[in-house]
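A quick write-up on the structure given underneath.
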Amino acid sequence: MQITEKITISTSKLIVKIFDKLGIDTVFGYPGHSVLPLYNELALQKHIKHYLLRHEQSAVHAAEGYAKAGGKCSVVVVTAGPGASNTITGIINAYFDGTPVIIISGQINASLQGKDSFQEINFSQMVKPYTKASFKIETAEEVESTLLESFLIATSGKKGPVVIEIPKNILESQAEYKNLSLPADKSLNLSEIDVIHSFELIKSAKFPVIISGGGVVQAGASKELTELAEQLQIPVVSTMMGIGAFPQNNALYAGMVGIYGDESANQIVKDADLLIVLGARINDRIAAAFDKGLIDSKTIIQVDINGKELLRNLKSDIALHADVKDFLTALNSFISESGENNLSFSRFIPRRMDEDEEIETLTVKKVVKILSDYTQKSSYFVSTDVGQHQIALIKNYQFNRAGQLLTSGGFGTMGFGLPAAIGASLVSGGEPVILVTGDGSFQMSVQELAACSEYNIPVKIMVMNNGYLGMVRQLQEEQYGGRYFETEMKNPDFVMLAKSYGIDAVRVKDVSEVKPALAKAFEQNKPFLIDFVTEPFENV
């Protein structure tokens, strides 16, 4: 790293200067004794806005929503001990889903460490297996270079979380600010031979299918993916994290693949002889939808920026450690220049949406379909939690923009949805963000209604209230003879609860009430909650 200037300032002020340098204008967190020097510096400046979430796990989820929606790295600041340990679920969630977040944790003074002192934990070591990097600062001189390195690590390759643990005495000390230059990212090499070989496999296939994953979203390669599919008329299926990367209103889209996916998508994968796997993990929730060995029996082209994914679950004929956007750009250019864009493949099965239920009660599927129709002219971010409502949303809402869906894919974290929606709203240009959540998931982070109210964040909260932990109840029904043990829930009055936070709310019990409630929710640029009392025994 090249030094361009030197000044001596407090380490906390140095951190704020580096935030400015890196373009970080938003910080999520929860203050405490060990990070008060840094909070004091944040209070003395006007360039960076801090958002106080009501739980440290929520702070990380909010940072994830901000990073996903804004396409840039975000920052969380928490105190030592339980403040740090409360972030662990969020950190693991960001690790699985490849979200760039830097978590700065306070630590007790160095002189007190190793003595079982108050709030002492070895945080950086605790989270090391589920971060891209984890640093424990021991001298003030390390802070500047570590922050710059952390930013690069978090945002390069497969993105992910980085933890920096800083003792309070170092935050209070003086350090030289050297204005180091940001190190250059190491680019990946993609050879022309790889591109030509990939096209030859596509050209020789009878029925190729593209599996689009979250890597396409992260790479910003939606345009290039659409160009390839339309040039060669190749159908596209999506993983959960890849939803929206290929427009769902495109006739080539066949749906989401996997055990909770669309029948049409799974069938098209069965029929294919070539799978083009772009930025996707073929994990257990996908593989379980097929007979053992079926995926490996196909010819496979796999492209992933995370080299580890090339060795995990697939026996690929071509395995490229490359940026998906670079690969698609090169492949599209080669096809255009060669003039071989008139290939003809077998007919495919278009996506089929879930059919409407004949029962008269209000179901989550009905609510989601009405919501999708109501908001189709917009492209609002849609956040969700984990469970039946998540699957119903994914299968019945039409997503036509990359990154539009915000969900917990790899870790399946209940409580993700509301704080993620809060984070996304800060980069939505003032537009509403929709949250579709279940009554169980919502209560995992319900305290964040306070943040919605305090900062007037226009999250439109759709609570699917069926009085059960729906997905668990469904599994108990399917696998344990319907013994619904500890899954029925006595919920609070969500309307009164929202109003106690100063947020307007209504309750909906009938299909005829859904559209009027949505109209009321979207008529003002404020947070709003709708409590949908839905059919308790609906399955997905």
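Residues 459 to 998 (our numbering) make up the sequence shown, in order. Yeah, the Cβ is synthetic: ideal placement off N, Cα and C, and Gly gets one too. Small disclaimer: the values here were computed from a predicted structure and weren't measured.
Straight-line spacing of the CA atoms in residue 731 and residue 661 works out to 12 Å. Within the DSSP secondary-structure output, residue 923 pairs in a beta bridge with 991.
Cα atoms of residue 636 and residue 516: separation of roughly 34 Å, rounded to the nearest angstrom. When DSSP states are grouped into helix, strand and coil, residue 758 belongs to the strand group. Here residue 690 is buried. Its C-beta has 16 or more other C-beta atoms within 10 Å. Here the C-alpha atom of residue 942 lies approximately 11 Å from the C-alpha atom of residue 995. Distance from the CA atom of residue 889 to the CA atom of residue 833, rounded to whole angstroms, is 12 Å.
Secondary structure of residue 638 (DSSP, three-state): coil. In the DSSP assignment, residue 685 falls within the unbroken alpha helix (DSSP H) covering 680–690.
Under the three-state reduction of DSSP, residue 584 is assigned to helix.
When 578, 712, 545 are compared, the shortest CA-CA separation from residue 723 is found for 712. CA-to-CA, the gap between residue 744 and residue 754 works out to about 13 Å.
The segment 468–554 is shown to contain whole beta strand (DSSP E) runs of 3 or more residues at 484–488, 507–510, 532–536, in chain order. Here the alpha carbon of residue 921 sits roughly 5 Å from the alpha carbon of residue 989.
Residue 522 places its beta carbon 7 Å or farther from that of residue 777.
Taken through DSSP and simplified to helix, strand or coil, residue 823 comes out as helix. Between residue 840 and residue 892 a beta carbon distance of about 5 Å is seen, short of the 8 Å cut, so the two are scored as contacting. Under the three-state reduction of DSSP, residue 792 is assigned to helix. As summarised for the segment 894–969, the continuous alpha helix (DSSP H) elements at least 4 residues long and confined to that stretch are 897–900, 907–912, 928–937, 952–958, given in chain order.
In the DSSP assignment, residue 713 is bridged to 695.
Residue 668 is bridged by DSSP to 694, 734. Take the alpha-carbon of residue 481 and the one of residue 796: they are about 42 Å apart. Collapsing the DSSP output to three states places residue 752 in coil. About 4 Å separates the Cβ atoms of residue 945 and residue 931, confirming a contact at the 8 Å cut-off.
Residue 974 sits in a helix when the DSSP states are folded into three classes.
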